Structure formats: C-alpha cells, structure tokens
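Structure, as structure tokens:
Residue numbers (the working numbering), protein chains in the order written: chain A, -13 to 278; chain B, 252 to 569; chain C, 20 to 270.
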C-alpha cells in the first residue's frame, strides 16, 4: 500500500508537470490554432536560465522569477517572429516555424553548455517522511503549483474582463476583429502565457531530472500525448491527460519495467486514437486546423 | 509556351546530365556526398507525396527511413543479395505504412501528427530493446552491397555506389513525377485543399490519403535502405527528430509539391549538412535559422518561388 | 414538359436532419427526374442547404431514405454517391483556387473516369479539356488560376467541370448567388439546355426569380419543413410563401 501511495504521489507530481506543459500548449493552440513545437525548448530554457542564475549566486526565488520572465519574453519574440508573419500561410509552414525556433533555442543552449547539470530542489530535503511513506517533497510542490496555476487561470478567464475577452475571441478570431478586439494583443498574451507555463513546468521538473539542452524533447511529446488523451483543445482535458500520462509513466516504470514506462503512455495514446479518434472527451472541443 | 507548361522536363534533364558527369569531375569524397544525396532524393520525393501533395502532417519520415535501413541492413548481414534487400525494404515500408495509415489516416491533422511521432518512438523503443535482432543501442554493421546481377561481387568504390544510387534515384524520380501528374496526384491535391469537393468528385478521401501514406512509406524505406548501405551501420538514434527535421528541411527548401524541388532540396541539405558538420554545436542554430528564414521569405520554397517567377517551369498537374 | 415516368434519378424520402436539439430538416420528401429541373427555395435558415448536403452525402441524416436510380444510398458516402452519377457544385470554394482552369476541368474528367468514361492519355486528357472549355466559351481562361476569376466566370467554370463528368444528375447550390443580371440569364439558359439533354437538376436558391425562370417544379421550405410545392406560377403567387420570406411566420 505504501508503495502504491509513493507511486501515486510521484505520478501525480510528474503528471502535474506534464499538465502544465499541456495546458500551455492548449492555450496557445486554442487561441492561435498553432501547435507550438518549441514548447519543449521553452521548458528547458526556464530550467536552464534559473539554474545558471542560481549557480551565479542569485537567490533561488529571484532566479526563478527572472527565468520565468525571460522565457515569457522569448514566447513573445516567437509570437512576433515565427507566428504573426505566417498568419496566412499554410499550416505546415507554421508548424515548421515553431520547429525552427525550437532548434535555435536548443542550439544556443547546447552551444553555451556542453554537459548536463543537476538543479537544486526548492526545499532542502531530499525526502520527507509521513507515517511509513517516504517521498520527494518536490512532487507535492509540483501538484501544488498545478492547483494554484490552474485555479488562477480559471479565475482569470472567467472573472476578469481581459480573460473573458480572450476567451470570446479565441473561438472566433474573425468575429473578434469585427467587434474591435485587438487580436494581435490576444496572440501576444497567449504566447507569453503559454511560455510562462512551460518555464514553470521546466523549473519544477528540473530538480528531479538533469538539466540539459535536450531535456525538453520528451516532455514535449508527453504533453502532446496528454493533450490527445484529454481531447485536443480541451483545457480541463489537458490537465487530466497530463496527470494520466504522469501516472502511466511512473506506474509503468515501477510496476512493469523502466523501459516500458517511457512508452507506456504513448502506446495508450495510439490505442486511444485508434479506438476513439476524438480522444477521451469524445465530441468535445474540436480544434479546426485553419485552412488557408 | 504550352510545351513548357506541359511539364518542364528541361530542368530535370539538365540535372540528370550534370549528375552523370559529376563523378568524373570531382574527387572521391565529394562523390560520396552526392551518393548520400541520392538516398535522400528518393526519400524526399516520396515524403512529399504525403506531406506536400496529400497535405498530411506526416511525422513519419524518419520512422520509415529507419525501417528501410533496418530491414535492408539486417537482411544484408544474413547474406541476402542487395536487389532483394532493397525490395524487402520497399515491401516493409509499404506494409507497415498500410497498417499504420489504415488506423490513423482518418484522424484530424494534429492527432495524425502525433501518431507519426509515436510510431517513431515505438520503432526506436523496439530497436533499442530487441537486442537479439537489432543490436540494441549500438545497432549493427551493414556490409557493402552485393548485387546478384553484378555476379555477387561487393561494391566498394565511391563511383560504383554513386552510379547505383543514380540508377535507383532516377526511376524513383520519374515515377514520382508520373504519379504527381496522374489522376492519383490530382485526387491528392483536391483532397488536400477541399475534401468536400473531392468527395463530390467521387474521390474517397480516406483511401486517397492511405495511398499517399503507403507510397511515401515505401519510398522512404527505399531511401533509408540505400542510406544504410552508404553509412555502413544501422544506428537507432539516427532515425529520430534530427533526421525528421532534415527531411522537413529538404521539402521546405525545395518547395512542397514539386518533385524536382524535393530532389534539389535533398542535394542542397546534404551539402549544407556536410558543411555544418565542421562547426560542431552550431548546426542546430543554423538549421533553425535557415528553416525559419525559408519559411518566412519563400512561401513556396526556393525552387517553388523561382519556378513561379518563370512560369513555364511550374510543375503542372497535367 | 412532362418528366419521364421512370425511376426518379434522385429521391429523398422523409428526411430528417438534426443538430443536437435543433431539427434543421424535418420529414422532407422530394424527387428529381430525368430532364427536369427541381428548385428548392426558402428563406435563410429554412434548411435548404442542409437538405441539399444530405442528398449529396455531405451531411448525415437522422432518419429517412435517399435513393439514386432506385438504389438506396442513405448509408453511402458522398464519394460513393458521386460515383453513381451525382455531381454537385458548391456555394463557395468549388474550384481549387491555385490550380488553373484547365486543371480544374481535368478534375471533372477524372470524375467522369470514375463514372466509367474510358481512360485517356495525358495528351488526350489535355485535348479533351481544351475542347470542353471551348464548348463553354471559356477557352481563353485555360491558364488562369481559378482564384483569379470573378464570381460569374467561376460559376461557369464549375458548371463546365461538373459537365465534364457527363453526369445524369446535377445538384447546384445557390448557383446564381453573386451573379449580375446578364450572368444569371446566361446561367438559366445553360441549365435549361442541360435539362433538355435529359439531365435531372436540383437547384437551391435564395432569390426566387432565378428559380421561377428556370425550374419545372419548385419546393419551398421553411423551418426545415415543406411549405408548398408546385410549378413556378403557383408558387410565385402564393401568400404563405411571400409571408415566409418577409416575416417570421411560425408553423
């Protein structure tokens, strides 16, 4: 039983990271209909910048804040450089552009640092003991951040004027422009927001893994799988999908074999798509790939 | 004007003449690089069928490229003559392409893209773990090609490999062009732009897309098989995202939906790749910037844009 | 002109289409015979396009039956129906914009091939397409990209494409929309000539004048149901039809 709870906590913790990634991807997808293939690079950039600042002597909290701000800025740059100029081009082109940005970001980081580094955890202890269960408190922090971020976003989109405007325009960009909503600003906000979530995910995950230039590759794919599980374009679905992927991965790693854990989630996704082409949510949110 | 329109053979023929002359003008190393280009030409013109013409977000490029290398390479280590290993690679690509496509082609664009990535990961998982067959992480060596028709002797010289590659690439190119201008090619085009209209014309869009996947997978596998022989080694990690990005770049730079463009893109990228290998660590950045620049500046790829300027060079659907 | 007393080319029997809780088409029945033009009319939101799409196979039905030449095709896809000789136009985007007019016509011949026309070599296909364009007076447009055509010409090219397949049954979705007066007259004449060749046509229109000029029989819809049917003279003078267009008359 204790191992089950440990696996559960680890799975939910890891899943929270994936959920944050998937959430960011979904926000960008819903508002821009582009699947941001540089999301993994943003995740990595968040971890990397925070780590370098910490190693340079900056306090943990400050380093985290600066790193998130920096990645948010990168997100804004991607919006201006690789997204807005391509608004009317083919979809394949837009996807390639985000791919290109990913290469550039990963390339720059890879050029600057050659090796993999370890990142110190947020709380100084390696493990915490509650009753007979030992686990890494970092996982609880991950879950906590997801809850906070999720709630904050939900409140923002539901109760603030800006949030409501964005929600309205997201589903109907053309209508929004007609009503006078500054659609370009919406794009900017959503890209920045998405990038921020990716950075947070990266910083959270960093202490439990190694920080390297390519650390974002797998989480990116996992986030995509999470979105598929939860139904593409669905915000609650992305969170549920993320948590599921975390549980599948940790569960697979622990109960079957470490090799399988890595692909367990993907096999699940593949099977799901074969059986139910619209993901778990059925005929829920259906993001139309904008045909030019 | 109308003769040109009917599908410029001028450019491809000119390229062919240059290609035949090249080995006599260049040294062995350069000849080898161009050899490599042939493997990618086959892969690229095939990949364009699914990605460019049928408009599918196919992330399957490196998966099938690797499959071809694996199948042909493995059979080669068992002593099977090269004609047969290449045929086996094509068959493997077609069969797996059919199985994969049959369940995924009906999916919406992004879902389909994800299945391509998943396929790539699953194949990689298989290569890394089925050590007995695949050699695990470190793969296995692939012997030099030996053709029954050539009396079973092994090919070793760069020039010989070059011309064999040319003999594979030219028919592949011609067939791709013919398909592109056939009823099948046209049906892909309509199915891509306006599926409702396609259905109204009697085109079963699902079947058309499945065909595109099968054909592109067979082409990719053939290209990968030859790539294996040229690399002399099968290595699982060389068939992941970097390989996929390379294939994407070839298509984008050459211009989607142009067979000549894809071929040119392959040659350009192979050389670019070689050149960048000297600047270790910066290649990703340069690739990324080039891809971004290409995508921003040329809406139809370099070849596509050029051929737009000179209307007569446009690859017509007829 | 009496329609031949043979099996109708197209029949829709008690068709109902629902979107969630909304009944877009309720219990509609209509038929198109050889050498007949049937008009489908109704104010915006009446359900004519939905019915139209249901008949062509682009919209699934909740209940009812659809037959082509007496064969039930309710379960069949649009492409399946197209292979039985059904050809249709689209209100928007019926031509592929970045293909030339000639290439678009070739698509029509491809459809014809699927309907049993003999295979043609590429040279023969190009020649046939050119001839076909000339028959419609469009030969100068051969190399023009479809996206560069104005609405009237685009419509004519689309009809030409439809006819390249030599279909027996043609469905036109608001073909007169956006056309100038003289273009409409030309289109009406064209459709009449098709009918005289024995083709059965179903034409939906929002503007009634076009249908009054061209249709043998008109079916008027409102709120998804049939309001009235009959020849042009009867429909045009009917008060309920007028009210439906002018006001929001609830059933």
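All C-beta atoms in this analysis are idealised placements derived from N, C-alpha and C, irrespective of residue type, glycine included. Here the structure is a predicted model, which means the values were calculated and not measured.
Given a cut-off of 7 angstroms on the beta-carbon distance, is the pair residue 225 of chain C and residue 447 of chain B in contact? Not closer than 7 angstroms, so no.
Going by C-alpha distance, which of C:104, C:31, C:101 is nearest residue 86 of chain C? Taking only the C-alpha atoms, the option nearest residue 86 of chain C is C:31.
Neighbour list for residue 313 of chain A in chain B, Cβ cutoff strictly below 8 angstroms: With chain A covering -13 to 278 only, the question about residue 313 of chain A has no answer from this structure.
Spatial distance of residue 185 of chain A from residue 146 of chain A (CA atoms): In a straight line, the C-alpha of residue 185 of chain A is about 24 angstroms away from that of residue 146 of chain A.
Can you give the Cα-Cα distance for residue 167 of chain A and residue 151 of chain A, rounded to whole angstroms? Each residue's alpha carbon lies about 8 angstroms from the other.
With distance defined between alpha-carbon atoms, name the residue in C:108, C:89, C:39 nearest to residue 72 of chain C. That would be C:108, whose Cα lies nearest to the Cα of residue 72 of chain C.
With H, G and I counted as helix, E and B as strand and the rest as coil, what does DSSP make of residue 55 of chain C? Strand.
Residue 245 of chain C: first and last residue of the uninterrupted beta strand (DSSP E) it sits in: Where residue 245 of chain C is concerned, the enclosing beta strand (DSSP E) stretches over 244 to 249.
Taking the beta carbon of residue 481 of chain B as the centre, do at least 16 other beta carbons fall within 10 Å, making it buried, or is it exposed? So residue 481 of chain B counts as buried.
By how many angstroms is the C-alpha of residue 260 of chain B removed from the C-alpha of residue 205 of chain C? It is roughly 41 angstroms from the alpha-carbon of residue 205 of chain C to the alpha-carbon of residue 260 of chain B.
Whose C-alpha, out of B:490, B:461, B:377, is nearest the C-alpha of residue 345 of chain B? When each option's Cα is compared against that of residue 345 of chain B, the closest is B:461.
For residue 197 of chain C and residue 165 of chain C, believed in contact at Cβ under 8 angstroms, the rounded distance: Residue 165 of chain C to residue 197 of chain C, Cβ: 15 angstroms. No contact.
Following the continuous alpha helix (DSSP H) through residue 19 of chain A, name the residue where it begins and the one where it ends. No alpha helix (DSSP H) contains residue 19 of chain A, which DSSP labels as neither H nor E.
Could you name the residues that DSSP lists as bridge partners for residue 241 of chain C? In the DSSP output, where bridge partners are listed per residue, residue 241 of chain C has C:244.
Residues of the segment 120 to 145 of chain C with Cβ closer than 8 angstroms to any Cβ of chain B, in chain order: Going along the segment 120 to 145 of chain C in chain order, one finds 121, 122, 125, 126, 127, 129, 130, 132, 133, 134, 141, 144, 145 with a Cβ nearer than 8 angstroms to chain B.
Distance between residue 484 of chain B and residue 248 of chain A (C-alpha atoms, nearest Å): C-alpha separation (whole angstroms): 26 angstroms.
By the 10 Å Cβ neighbour count, where 16 or more other Cβ atoms means buried, how is residue 455 of chain B classified, buried or exposed? Buried, because 16 or more other Cβ atoms sit within 10 Å of the Cβ of residue 455 of chain B.
Let's test the definition: count the other Cβ atoms within 10 Å of the Cβ of residue 262 of chain A and tell me whether it reaches 16, buried, or not, exposed. Per the 10 Å Cβ criterion, exposed.
Rounded to the nearest angstrom, what separates residue 342 of chain B and residue 514 of chain B at their Cα positions? Between residue 342 of chain B and residue 514 of chain B, the C-alpha separation is close to 23 angstroms.
What residue range does the alpha helix (DSSP H) around residue 277 of chain C cover? This structure cannot speak to residue 277 of chain C, because chain C is shown only from 20 to 270.
Looking at the structure shown, is residue 454 of chain B part of a helix, part of a strand, or coil, going by DSSP? The answer is coil: DSSP assigns residue 454 of chain B none of H, G, I, E or B.
Mind pulling the chain B residues with CB within less than 8 angstroms of residue 89 of chain C? Close to residue 89 of chain C, with beta-carbon spacing below 8 angstroms, lies no residue of chain B; the smallest spacing is near 20 angstroms.
Residues of chain A with CB closer than 7 angstroms to the CB of residue 380 of chain B, please, in chain order. Chain order gives the chain A residues near residue 380 of chain B as 245, where near means a beta carbon separation below 7 angstroms.
Would residue 24 of chain A and residue 99 of chain A qualify as a contact pair, given that the criterion is a beta-carbon distance under 7 angstroms? Between residue 24 of chain A and residue 99 of chain A, the CB-CB gap reaches or exceeds 7 angstroms.
Could you give the DSSP three-state label for residue 219 of chain C: helix, strand or coil? The answer is strand: DSSP assigns residue 219 of chain C an E or B state.
Which value, in whole angstroms, describes the spacing of the CA atoms of residue 120 of chain A and residue 133 of chain A? Answer to the nearest angstrom: the Cα atoms are 22 angstroms apart.
Selection from A:122, A:-2, A:20, A:-8 that minimises the alpha carbon distance to residue 218 of chain A: It is A:20 whose Cα lies nearest to the Cα of residue 218 of chain A.
Apart from the five residues on each side of it in sequence, which residues of its chain come closer than 7 angstroms, Cβ to Cβ, to residue 428 of chain B? If we look at residue 428 of chain B and ignore the five residues flanking it on each side, its Cβ neighbours are 510.
Where residue 213 of chain B sits in the DSSP three-state scheme: In the structure displayed, chain B extends from 252 to 569; residue 213 of chain B sits before or after that span and is not available.
By how many angstroms is the C-alpha of residue 180 of chain A removed from the C-alpha of residue 61 of chain A? Each residue's Cα considered, the two are about 8 angstroms apart.
Run through chain C and tell me which residues come within less than 8 angstroms of residue 428 of chain B, C-beta to C-beta. By Cβ distance, chain C contributes nothing, its closest Cβ being about 12 angstroms from residue 428 of chain B, past 8 angstroms.
Beta-carbon gap between residue 69 of chain C and residue 92 of chain C smaller than 7 angstroms: One thing to note: residue 69 of chain C has its Cβ no nearer than 7 angstroms to the Cβ of residue 92 of chain C.
Quick check on residue 77 of chain C - is its C-beta less than 7 angstroms from some C-beta in chain B? It does; some Cβ of chain B falls within 7 angstroms.
For residue 16 of chain A, which of B:391, B:457, B:361, B:435 has the nearest alpha-carbon? Measuring from the Cα of residue 16 of chain A, the nearest candidate turns out to be B:361.
Does the separation of the CB atoms of residue 125 of chain C and residue 148 of chain C fall below 7 angstroms? Contact: yes.
At which residues does the alpha helix (DSSP H) containing residue 440 of chain B begin and terminate? Where residue 440 of chain B is concerned, the enclosing alpha helix (DSSP H) starts and stops at 434 to 444.
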